[in-house]
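First the structure, in the form of structure tokens, and then the observations on it.
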Amino acid sequence: MDIYYKNGSVIIENAQNFNVERSCLCGQAFRFSKQRDGSMFGIAFNKGVRIIEYNGIIEIQNCEEQDVKLWSNYFDLERDYGQIEKIILDDERLSVCVPYGSGIRIFKQEPFEAFISFIISANNNIKRISGIVEKLCAYCGEKKELENGSHYYTFPTPERLAALSEEELFKLGTGYRAPYIVKSARRIADGYDLLPLKNMPIESARKELLSFSGVGPKVADCILLFSLGFTNAFPIDVWMRRALRELFFDGREPSKKELESLNLRLGEYSGIVQQYIFNYAREVGLGK
DNA sequence: AAACAGGAACCAC
DNA sequence: GTGGTTCCTGTT
141 MDIYYKNGSV IIENAQNFNV ERSCLCGQAF RFSKQRDGSM FGIAFNKGVR
191 IIEYNGIIEI QNCEEQDVKL WSNYFDLERD YGQIEKIILD DERLSVCVPY
241 GSGIRIFKQE PFEAFISFII SANNNIKRIS GIVEKLCAYC GEKKELENGS
291 HYYTFPTPER LAALSEEELF KLGTGYRAPY IVKSARRIAD GYDLLPLKNM
341 PIESARKELL SFSGVGPKVA DCILLFSLGF TNAFPIDVWM RRALRELFFD
391 GREPSKKELE SLNLRLGEYS GIVQQYIFNY AREVGLGK
């Protein structure tokens, strides 16, 4: 995989195991959308980028020269997903997931954005989460104009979010999560720093996250996996439950202990493996 | 139009 | 610590 800068774009040549559409739309991040022209538009680090593919080349447009590292880190391009995929392929129970999860890279999102987005994700579906996040950004993010005349909004800072009332959040469609968002955003605006969680043992970081309003086990694991760099965080939602019942537990409901030991058995990349399983469940429509 | 989908809080036990 | 109920909105 060769990554370099050229004329306002970050170019990825010989991309291995990177399916842009699947990665952007699988539910790990909520600010990517496919455009009518087939390109992908997404926002991170307050920057809006357009991603196009041609001749096996992936081009991230609207970048600056110093952004190469930034995006290569965000899209987790330095990791050998081929090796991880091989682990899955070699597992009798998991190999069925490979065609559905292949090419997904786990993005390293900004902690605050992931934190708020996954509080919103509770008891919610991908389409609605994206809609709410978008409204939230339009309501109190920063407006940015693009050269082609269109515009986008950045994700709000903790301060901007903390300044909102429950009523305002409720109107944006967050429902009963409004007070959770207010409380948690205020705690962060008041000085709680999420970054040190990256360097803690996973159990400690998880415990910290669970102390926030609106953050339960599943949301905590999502934040750990999708923004804090814990590739062994193992979020289990209804889709994962369905898939795990079928693949590992002979149709019955696994206990907490069994889930925990499965996580351990899957090893240091269990969270990435989880994404393959999750996508398998969604794409084959398990439980439908 | 009632039923369902989707996690966390909260209160019992 | 486990189990049942409630919270809100969009879809069927």
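For the numbering used here, add 140 to where a residue sits in the first sequence, where the first one is 1.
All C-beta atoms in this analysis are idealised placements derived from N, C-alpha and C, irrespective of residue type, glycine included.
Residue pairing by DSSP places Gln201 opposite Ser149, Arg190 in a beta bridge. One alpha carbon belongs to Leu301, the other to Leu350, and they sit about 20 Å apart.
Contact between the stretch 361 to 377 and the stretch 236 to 254 is present: 3 or more CB-CB pairs across the two stretches fall below 8 Å. Looking at Phe215, Tyr144, Val189, Pro375, the one whose alpha-carbon comes closest to that of Arg162 is Phe215. Its chain contains Leu364, Phe370, Asn372, Ala373 as the residues whose beta carbon lies nearer than 7 Å to that of Ile342, once the 5 sequence neighbours on both sides are disregarded; these appear in chain order.
Counting C-beta pairs closer than 8 Å gives three or more between the stretch 289 to 303 and the stretch 247 to 266, which meets the contact rule. Closest option to Gly241, judged by alpha-carbon separation, among Gly182, Lys284, Asn159, Tyr332: Asn159. Looking only at Glu205, Ala345, Gly315, the smallest Cα-Cα distance to Asn147 is reached by Glu205. Look at Met180 here: in three-state DSSP terms it is strand. At least 8 Å separates the beta-carbon of Leu210 from that of Leu387.
Between Tyr279 and the set Asn264, Ser261, Cys203, Ala303, the nearest pair of CA atoms involves Ala303.
Membership of Tyr240 in the alpha helix (DSSP H) is indicated by the continuous run 238 to 241. Its chain contains Ile152, Ala155, Phe158, Val160, Ile191 as the residues whose beta carbon lies nearer than 7 Å to that of Ile198, once the 5 sequence neighbours on both sides are disregarded; these appear in chain order. The criterion of a C-beta distance shorter than 8 Å is not satisfied by Ile417 and Cys166.
Assigned with DSSP and collapsed to three states, Ser351 falls in coil, not helix or strand.
For Ser173, no alpha helix (DSSP H) encloses it; the enclosing beta strand (DSSP E) starts and ends at 172 to 174. DSSP places Glu386 in the uninterrupted alpha helix (DSSP H) bounded by 378 to 388.
Arg171 is classed as buried because its beta carbon has at least 16 other beta carbons within 10 Å across all chains shown. Taken atom to atom, the span from the alpha-carbon of Leu406 to that of Phe389 is near 15 Å. By the neighbour-count definition (other C-beta atoms within 10 Å, threshold 16), Ser305 is an exposed residue.
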